[in-house]
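Comments concern the structure below.
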Amino acid sequence: MNEVQIQVLIDRCIKYFRDNCYTENRISKYRSLWRTGIVRYMSEHDIELYSSSVGSDFTATCHFGGTVRHQEREKIRSVQALDDMLTLGFIRKRCFTPVHHALYGEIGQEMEKLIAHLSNLRRSQSTIKDYRLYLSEFLAYLDASGVSKMHEIADIHILSFVSSHPTNKVNIVSALRVLFRFWKEEHIVNGRFDDLFETYKLH
Numbered sequence: 002m003n004e005v006q007i008q009v010l011i012d013r014c015i016k017y018f019r020d021n022c023y024t025e026n027r028i029s030k031y032r033s034l035w036r037t038g039i040v041r042y043m044s045e046h047d048i049e050l051y052s053s054s055v056g057s058d059f060t061a062t063c064h065f066g067g068t069v070r071h072q073e074r075e076k077i078r079s080v081q082a083l084d085d086m087l088t089l090g091f092i093r094k095r096c097f098t099p100v101h102h103a104l105y106g107e108i109g110q111e112m113e114k115l116i117a118h119l120s121n122l123r124r125s126q127s128t129i130k131d132y133r134l135y136l137s138e139f140l141a142y143l144d145a146s147g148v149s150k151m152h153e154i155a156d157i158h159i160l161s162f163v164s165s166h167p168t169n170k171v172n173i174v175s176a177l178r179v180l181f182r183f184w185k186e187e188h189i190v191n192g193r194f195d196d197l198f199e200t201y202k203l204h
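So the sequence shown is numbered by our numbering: it starts at 2 and just counts up by one.
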């Protein structure tokens with residue numbers, strides 16, 4: 002099996018990036034992804050040598066509720082760069098197929114109204130894509146909690162969903178705040194969630 006010290010492999014990747022005119026900003030981004038991703042994972046599991054199987058084990062942890070968030074997708078890309086350098090000696094450029102996150106059922110239909118509203122406001126495609134991702138994850142969480150009707154959504158579902166996210170809490174709370182404010186304005190829900198969002202503090 003092809004194995005190497007992780008820092009040695011990272012140094013090889015950085016040299017390749019510089020030789021191929023990657024910006025220092027992009028290289029810094031990769032450094033951060035490696036540090037908070039694969040390096041931390043290997044340290045927590047007392048693994049000294051990197052191999053493709055170690056990278057595969059790590060990327061298997063980069064999902065939430067069956068979906069992969071942007072930050073985790075970036076970490077997977079950083080591991081693919083390591084694998085390329087390890088096995089090929091160079092790093093391939095990749096094209097990623099965008100994932101469509103379906104909003105299904107009664108609650109999903111009401112979420113789609115917000116997506117349409119954001120489109121009408123001419124929000125950027127990246128912003129709308131982020132909203133769709135967060136809403137689809139919230140919908141999947143509600144589904145797993147046995148909630149399929151609008152009137153069944155309670156404060157505890159929102160709080161539990163947010164607390165279950167290791168990252169992106171600020172963005173998720175922001176998206177949910179916009180969703181429930183929109184629903185209130187459209188008379189889809191009453192004001193029963195106002196106090197929750199007014200008093201909620203990120204921990």
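The beta carbon of each residue, even a glycine, is placed where N, CA and C say it ideally should be.
#### Entry: Buried versus exposed call for E153 [16 or more other C-beta atoms within 10 Å across all chains shown]
Here residue 153 is taken as the residue at index 152 of the sequence shown, counted from 1. E153 is exposed by the Cβ-count criterion.
### Query
Bridge partners of Q6, per DSSP?
Taking the sequence shown and counting its residues from 1, the one referred to as residue 6 is at position 5. L50, per the DSSP bridge assignment.
### Query
What's the gap between the Cα of A176 and the Cα of R32?
Counted from its first residue, the sequence shown places residue 176 at position 175. Counted from its first residue, the sequence shown places residue 32 at position 31. The alpha-carbon atoms of A176 and R32 are separated by roughly 29 Å.
### Query
Going by the beta-carbon positions, is the gap between L10 and L83 smaller than 7 Å?
Residue numbering aside, residue 10 sits at position 9 when the sequence shown is read from its first letter. Residue numbering aside, residue 83 sits at position 82 when the sequence shown is read from its first letter. In this structure, L83 lies closer than 7 Å to L10 by Cβ.
### Query
N1 to C14, Cα distance in whole Å?
Beyond the ends of the chain as shown, which are 2 and 204, falls residue 1; an answer cannot be given.
### Query
When you compare only the Cα positions, how much space is there between Q126 and R182?
To locate residue 126, count along the sequence shown from 1; it is residue 125. To locate residue 182, count along the sequence shown from 1; it is residue 181. Cα to Cα, the separation comes out at about 21 Å.
### Task
Decide yes or no for the touch test of the stretch 135-151 against the stretch 105-112: beta carbon pairs closer than 8 Å, at least 3 of them.
yes
### Query
Taking only beta-carbon atoms, is I159 less than 7 Å away from chain E?
Included in the structure is just one protein chain, with no chain E present.
### Query
For A141, which three-state DSSP category applies?
Translated into positions along the sequence shown, residue 141 becomes position 140. Helix at A141.
#### Entry: Proximal residues to T60 (C-beta, below 8 Å), its chain only, five neighbours per side dropped
In the sequence shown, residue 60 corresponds to position 59, counting from 1. Correct list, in chain order: K76, I77 and V80.
### Query
Closest by CA to R93, which one among F194, Y17, R70 and S137?
By one-based count along the sequence shown, residue 93 stands at place 92. It is Y17 whose Cα lies nearest to the Cα of R93.
### Task
On a CA-only basis, which of L50, H118 and Y42 is nearest T62? Give me that one, please.
The count along the sequence shown starts at 1 and reaches residue 62 at position 61. Of the candidates L50, H118 and Y42, the one whose C-alpha sits nearest the C-alpha of T62 is Y42.
### Query
Would DSSP call H188 helix, strand or coil?
Numbered from 1 along the sequence shown, position 187 holds the residue referred to as residue 188. Coil, per DSSP.
### Message
Rounded to the nearest angstrom, what separates M112 and L50 at their Cα positions?
### Response
The residue labelled residue 112 in the question sits at position 111 within the sequence shown. The residue labelled residue 50 in the question sits at position 49 within the sequence shown. In a straight line, the C-alpha of M112 is about 46 Å away from that of L50.
#### Entry: Buried/exposed call for R70, threshold 16 Cβ in 10 Å
Within the sequence shown, the letter at position 69 stands for residue 70. Flag for R70 reads buried.
### Task
Confirm, please, whether the CB-CB distance from F194 to F162 is below 7 Å.
Counted from its first residue, the sequence shown places residue 162 at position 161. Counted from its first residue, the sequence shown places residue 194 at position 193. Contact: no.
### Task
State the Cα-Cα distance for the pair D156 and S165, rounded to the nearest angstrom.
Start at 1 with the first residue of the sequence shown, and residue 156 comes out as number 155. Start at 1 with the first residue of the sequence shown, and residue 165 comes out as number 164. Approximately 14 Å, taken between the alpha carbons.
### Message
Which residue marks the beginning of the alpha helix (DSSP H) containing L34, and which one marks its end?
### Response
Position 33 of the sequence shown, counted from the start, is the residue given in the question as residue 34. Start and end: E25 to W35.
### Message
Report the CB separation of Y132 from L119 in whole angstroms; it is logged as a contact under 8 Å.
### Response
As a position in the sequence shown, residue 132 is number 131, starting the count at 1. As a position in the sequence shown, residue 119 is number 118, starting the count at 1. At roughly 6 Å, the Cβ-Cβ gap stays under 8 Å, so Y132 and L119 are in contact.
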